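Read through the structure below, which is laid out as structure tokens, and then see the notes.
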Amino acid sequence: MTQMEKIVPATEVPLLQVRDLTRRYGARIGCADVSFDLWPGEVLGIVGESGSGKSTLLSCLAGHLAPDAGQVIFDTASGPKDTVQMDEPERRRLSRTDWAYVHQNPRDGLRMGVTAGGNVGERLMAVGARHYGAIRDAATDWLGRVEIDASRIDDRPSAFSGGMQQRLQIARNLVTGPRLVFMDEPTGGLDVSVQARLLDLLRGLVREMGLSAIIVTHDLAVVRLLADRLMVMKSGRVVEQGLTDQVLDDPQHAYTQLLVSSVLQV
Amino acid sequence: MTEQAYNFAYLDEQTKRMIRRAILKGVAVPGYQVPFASREMPMPYGWGTGGVQVTAACLTPGDRLKVIDQGADDTTNAVSIRSFFSRTAGVAVTEATAEATLIQTRHRIPEHPLTEDQILVYQVPIPEPLRFLEPREPETRKMHSLEEYGLMHVKLYEDIARHGAIATSYDYPVKVEGRYVMDPSPIPKFDNPKLSGCPALQLFGAGREQRIYALPPYTRVDSLDFDDHPFDPSKADHDCDLCGAGDSYLDEVIIDDAGGRMFVCSDTDFCRSRRAAGHAGRLGTPAGEAA
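Top to bottom, those sequences are chains R and C. As numbered in the numbering used here, residues 6 to 271 make up the first sequence, in order. As numbered in the numbering used here, residues 91 to 381 make up the second sequence, in order.
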């Protein structure tokens with residue numbers, strides 16, 4: 006929390022303001038009337054069971070899905086702008102500079118036929134880097150930061166283990182220094198020891214770079230470790246939100262109580 | 091069936107009109123791939139159906155046609171397309187680059203400089219330069235329209251990472267007038283500099299993929315590269331063994347079972363005219379003295 010206290014007073018506007026965001030699938034609700042503010046340097050966790058609208062919400066926020074109603078106001082370089090109304094070129098530019106999206110399955114976020122170095126360099130080249138040596142140096146540096154040996158730079162991700170692929174995906178996303186990272190179940194499908202290592206790495210990077218992040222997960226341990234604030238979703242609606250420790254230690258809503266008590270103790 | 095059974099240059103007038111409209115649009119937006127309703131042609135896809143349709147739409151009875159295949163006038167593809175148009179359009183044909191008004195080419199640009207009075211028609215197998223990087227067509231179209239070409243450099247990056255240099259030697263991606271990234275058809279990268287500032291109109295036809303694109307005369311065309319790995323229009327480090335030319339694109343020909351080889355100009359007309367002018371290479375003799 007010290008990081009938050011340092012950064013929040015410096016800026017007056019939240020990084021992301023979400024107002025009454027709604028997405029329907031026909032008569033069904035994907036997510037409805039979601040509102041929250043995300044401040045710079047803050048990590049927001051979104052938890053809930055499968056089908057509760059977490060991923061729909063994240064896709065709407067990241068611009069992958071068009072919401073039916075509501076606003077997503079991002080504090081761009083030229084002041085706060087509603088990304089829902091924004092034209093597509095501008096939104097896509099945002100998504101490869103200020104935003105990053107970490108997929109649950111690294112295969113969705115990586116180019117499997119392209120070497121690790123090329124994967125990390127892609128975002129740099131997309132924003133205009135044209136110096137091979139500089140791109141390669143940046144890629145080497147980032148592989149080191151996500152604990153991948155520099156000698157693997159010319160290997161394809163298909164030769165990597167699941168945990169390495171996920172770390173590579175994180176490096177590829179953070180190389181351009183984004184301000185907001187969307188993560189969809191970043192530790193899903195990894196075994197617990199690899200999960201722990203990845204969480205440790207993520208926590209370090211988020212704190213070190215002062216990133217804001219929105220993490221969707223069903224794993225309460227992940228949000229306990231990473232998130233400053235927590236939102237609990239059920240049936241497409243937010244049923245409870247607050248500081249992570251507060252929500253997890255003293256759940257108010259019946260569903261949150263159920264969720265917290267469902268965690269298996271070893 | 092008699093030749094008179096066909097309309098001039100095989101295609102009906104409405105089809106030619108449709109193709110001309112696509113060509114005009116392509117000329118207006120250099121490097122942009124214009125969709126067109128490609129017709130079945132009496133040849134298999136991959137043999138130049140796109141180029142043939144563009145040629146048919148551009149031919150007039152006064153034209154003089156030259157067809158080359160990998161630089162040669164006498165290979166199957168070139169011979170059959172040339173005879174196709176001399177039968178269905180009755181136009182004059184030639185093998186001399188300077189005399190032709192319309193040149194259909196497969197995978198080469200003639201060595202002899204082109205003029206403003208000429209049209210160069212390319213046969214294109216795959217018009218989409220991003221195809222092997224991004225297989226989704228709606229996505230590549232969006233990338234073109236939003237000018238998102240970072241991915242093209244990923245391909246060049248991969249070349250350098252694996253081979254130490256940009257190993258793409260043909261089909262080398264270019265940027266047209268600082269806007270569209272274009273596939274120049276599988277011409278060797280040696281020919282890429284000739285695309286830029288060319289006085290002739292250059293038209294590209296892809297029959298199976300149903301796309302036409304164009305470079306108007308004197309269009310600026312830049313080959314993509316990195317600041318520290320600049321574009322290099324390489325060629326075999328030899329002179330032509332028949333005509334002695336040191337500045338033309340060469341084919342390597344194996345001539346015996348003992349590893350013997352010779353390098354000859356891939357542009358047969360260029361080589362022949364040089365020999366006719368008295369030049370000779372390591373193994374060649376000037377024309378007239380040859381057996």
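Each residue gets a CB set at the ideal place from its N, CA and C atoms; glycine is no exception. Treat the numbers as computed from the prediction; the structure is a model and nothing was measured.
Put GLN257(R) into one of helix, strand or coil per three-state DSSP.
coil
Name, going along the chain, the residues of the segment 232 to 244 of chain C whose beta-carbon falls closer than 9 Å to a beta-carbon of chain R.
LYS232, SER235, LEU236, GLU237, GLU238, TYR239, GLY240, LEU241, MET242, HIS243 and VAL244
Please confirm if the segment 357 to 365 of chain C is in contact with the segment 194 to 201 of chain C, defined as three or more CB-CB distances below 8 Å between the two stretches.
yes
Sorted by chain position, which residues of the same chain lie with C-beta nearer than 6 Å to ALA290(C)'s C-beta, five sequence neighbours on each side aside?
LEU204, GLN208 and LEU210
For ARG252(C), return the contacting residues in chain R, with the cut-off set at a CB-CB distance below 8 Å.
THR120 and ASP159
Relative to chain R, which residues along the segment 309 to 336 of chain C have a C-beta separation below 7 Å, given in chain order?
PHE316, ASP317, ASP318 and HIS319
Please list the terminal residues of the continuous beta strand (DSSP E) segment that includes SER128(C).
Run containing SER128(C): none; DSSP gives neither H nor E here.
Can you pull the chain R neighbours of TYR122(C), defined as C-beta to C-beta under 9 Å?
In chain order: nothing, as chain R lies at least about 17 Å away.
Inter-residue spacing [alpha-carbon to alpha-carbon] between ASP346(C) and PHE353(C):
13 Å
How many angstroms separate the CA atom of THR187(C) from the CA atom of ASP164(C)?
14 Å
For ALA67(R) and chain C, any beta-carbon pair shorter than 8 Å?
no
Would you report the Cα separation of HIS258(R) and ILE140(R), rounded to the nearest angstrom?
49 Å
So is MET117(R) buried or exposed if we call it buried at 16+ other beta carbons inside 10 Å?
exposed
From the DSSP secondary-structure annotation, give me the bridge partner or partners of TRP44(R).
Answer by DSSP bridge pairing: none, since TRP44(R) is not bridged.
If the cut is a Cβ gap below 8 Å, which residues of chain C does HIS223(R) touch?
The premise fails here: HIS223(R) is roughly 30 Å from chain C at the closest Cβ pair, so nothing lies under 8 Å.
For VAL311(C), which residues does DSSP report across the bridge?
VAL266(C)
Among GLY126(R), LEU179(R) and LEU253(R), the one whose alpha carbon lies nearest that of LEU210(R):
LEU179(R)
If we cut at 8 Å on Cβ distances, does ARG177(R) have a partner in chain C?
no
Beta-carbon proximity of PRO72(R) to VAL89(R), cut-off 8 Å
yes
For a contact defined as C-beta to C-beta under 9 Å, what are the partners of ILE140(R) on chain C?
HIS243, TYR247 and PHE316
In whole angstroms, what separates the C-alpha of CYS333(C) from that of THR178(C)?
36 Å
Can you tell me whether GLY167(R) is helix, strand or coil according to DSSP?
helix
Give a yes or no on whether the C-beta atoms belonging to ASP25(R) and GLY75(R) are separated by under 8 Å.
yes
What residue range is occupied by the uninterrupted alpha helix (DSSP H) comprising TRP147(R)?
137 to 150
Comparing the C-beta of ALA155(R) with each C-beta of chain C, is any distance below 8 Å?
no
LEU186(R) and ALA218(R) look like a contact to me (Cβ under 8 Å); what is the Cβ gap, rounded to whole Å?
Residue identity check: residue 186(R) is Val in the sequence provided, not Leu. At roughly 4 Å, the Cβ-Cβ gap stays under 8 Å, so VAL186(R) and ALA218(R) are in contact.
Which residues mark the beginning and the end of the beta strand (DSSP E) in which CYS355(C) is found?
351 to 355
Paired residues, beta bridge with MET238(R) - DSSP
VAL243(R)
What residues in its chain sit with their C-beta under 7 Å from that of ALA381(C), if we drop five residues either side in the sequence?
Model confidence at ALA381(C) stands at a pLDDT of 42, short of 50, so the residue's coordinates are unreliable and nothing is read from them.
Keeping to the same chain, check which residues put their C-beta closer than 6 Å to that of VAL157(C); ignore five residues upstream and five downstream.
ALA168, ILE171, ARG172 and GLN194
Exposure of HIS234(C), with buried meaning 16 or more beta-carbon neighbours within 10 Å:
buried
Cutoff 8 Å: HIS108(R) Cβ touching any chain C Cβ:
no
When you compare the CB positions of TYR106(R) and ALA67(R), do they come within less than 8 Å of one another, or not?
yes
Quick check: ALA304(C) and LEU293(C), are their CB atoms within less than 8 Å of each other?
yes
If you scan the segment 78 to 108 of chain R from start to end, which runs of the alpha helix (DSSP H) of 4 or more residues do you find wholly inside it?
93 to 102
Give me the DSSP bridge partner(s) of GLU342(C).
PHE353(C)
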